[in-house]
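*Asks:* Here's a structure for you.
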Amino acid sequence: MRVIVADHPLIAHKLTYLRHKDTDSPTFRRLVDELVTLLAYEATREVRCEPFDIETPVAATTGMKLSTPKPLVVPILRAGLGMLEGMVRLLPTAEVGFLGMLRNEDTLEAVTYANRLPDDLSGRQCYVIDPMLATGGTLAMSIQYLVERGADDITAVTLLAAPEGIEAMETQLGNLNVPITLVTGAIDEKLDTNGYIVPGLGDAGDRLYGIV
């Protein structure tokens with residue numbers, strides 16, 4: 003698995019205010035939206051394109067357009083929904099599927115409770131979006147699920163990641179014969195005993211939707 007930390011001053015600046023415990027939900031949502039657009043620029047660097055002949059006002063030329071089949075953006079419910087608009091702003095022609103997953107707070111394992119994905123993902127590039135890569139179980143299960151349906155290139159986009167989560171993904175996804183990339187805004191110090199990222203930013207879903 004390839005890991006890319008999007009090292010940019012604007013990302014560091016916005017992450018700082020995102021982490022701040024006094025940042026209110028409207029500001030938190032706006033910052034997430036802005037951050038995802040910056041991360042999406044890096045995540046889509048290798049999006050598949052094909053030549054496209056056009057006429058400019060001056061002459062004929064050949065440009066580029068996104069290839070078919072279109073890429074698929076997959077937010078992990080519920081927190082991933084807060085990242086969707088920022089992602090599709092950069093990929094407006096992408097299709098969107100949904101996976102509902104939650105973490106069992108006792109076992110820290112991911113459980114699927116909703117699925118709105120095409121049955122056949124053969125030849126599709128997929129972009130999985132979830133704010134936090136903590137234990138790694140949710141993202142690893144999501145990626146395995148997409149590969150089982152035929153996806154052949156998957157990029158996960160997160161705001162933050164923990165070293166333990168990255169290690170878990172590398173272990174669980176090591177036998178998949180498809181390119182896997184993680185693009186994240188920062189790799190934090192560690193997980194605490196409750197599986198939360200330290201220093202992190204708390205529960206992203208709660209902070210997005212105003213639940214405290």
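For the sequence shown, the numbering used here gives the first residue as 3, with consecutive numbering after it. Yeah, the Cβ is synthetic: ideal placement off N, Cα and C, and Gly gets one too. Please read all numbers here as calculations on a predicted model, not as lab measurements.
Let me know the secondary structure DSSP gives Lys192 once reduced to three states.
*Replies:* strand
*Asks:* Does the contact criterion of 3 or more C-beta pairs under 8 Å hold for the stretch 95-102 versus the stretch 9-16?
*Replies:* no
*Asks:* Near Lys192, what residues of its chain come up, given a Cβ to Cβ distance below 6 Å and the 5 sequence neighbours on each side ignored?
*Replies:* Val200
*Asks:* Sort out for me which residues DSSP pairs Asn117 with in a bridge.
*Replies:* Looking at the DSSP assignment, Asn117 forms a beta bridge with Leu101.
*Asks:* Assuming Ala81 and Gly207 are in contact, meaning their beta carbons sit under 8 Å apart, how far apart are those beta carbons, in whole angstroms?
*Replies:* 4 Å
*Asks:* Mind reading off the beta-carbon distance from Val76 to Leu101? Whole number of angstroms is fine, and I expect it under 8 Å.
*Replies:* 6 Å
*Asks:* Classify Val38 as helix, strand or coil using the three-state DSSP reduction.
*Replies:* helix
*Asks:* According to DSSP, is Val90 helix, strand or coil?
*Replies:* helix
*Asks:* Which of the three DSSP states, helix, strand or coil, is assigned to Gly138?
*Replies:* coil
*Asks:* Determine the closest residue to Arg151 out of Leu135, Asn196, Ala45, Leu119, with distance taken between C-alpha atoms.
*Replies:* Taking only the C-alpha atoms, the option nearest Arg151 is Leu119.
*Asks:* Determine the closest residue to Pro181 out of Pro165, Val159, Ile168, Gln127, with distance taken between C-alpha atoms.
*Replies:* If you compare the alpha carbons of Pro165, Val159, Ile168, Gln127 with that of Pro181, the shortest gap goes to Gln127.
*Asks:* Whether or not the stretch 55-73 and the stretch 85-92 are in contact is what I'm after, with contact meaning three or more pairs of Cβ atoms, one per stretch, closer than 8 Å; do they touch?
*Replies:* no
*Asks:* In its own chain, which residues sit with a C-beta less than 7 Å from the C-beta of Leu141, not counting the 5 before and 5 after it?
*Replies:* Val130, Asp132, Leu135, Ala158, Met171
*Asks:* In the structure shown, what three-state DSSP assignment does Met220 receive?
*Replies:* Any property of residue 220 remains undetermined from this structure, which presents the chain solely from 3 to 214.
*Asks:* Have a look at Gly125 and Asp154 and give me their C-alpha separation to the nearest angstrom.
*Replies:* 6 Å
*Asks:* So for Tyr198, helix, strand or coil by DSSP?
*Replies:* coil
*Asks:* Could you tell me which residues DSSP puts in a beta bridge with Phe54?
*Replies:* Gly65
*Asks:* Quick check: the Cα distance between Leu175 and Ala62, rounded to an integer number of angstroms?
*Replies:* 46 Å
*Asks:* Just the C-alpha distance for Thr137 and Gly167, rounded to the nearest angstrom, thanks.
*Replies:* 4 Å
*Asks:* Under 9 Å between the Cβ atoms of Ile56 and Val185?
*Replies:* no
*Asks:* Inspect the beta-carbon positions of Leu162 and Ile145 and report whether they are closer than 9 Å.
*Replies:* In this structure, Ile145 does not lie closer than 9 Å to Leu162 by Cβ.
*Asks:* In angstroms, rounded to a whole number, what distance separates the CA positions of Thr183 and Ala42?
*Replies:* 12 Å
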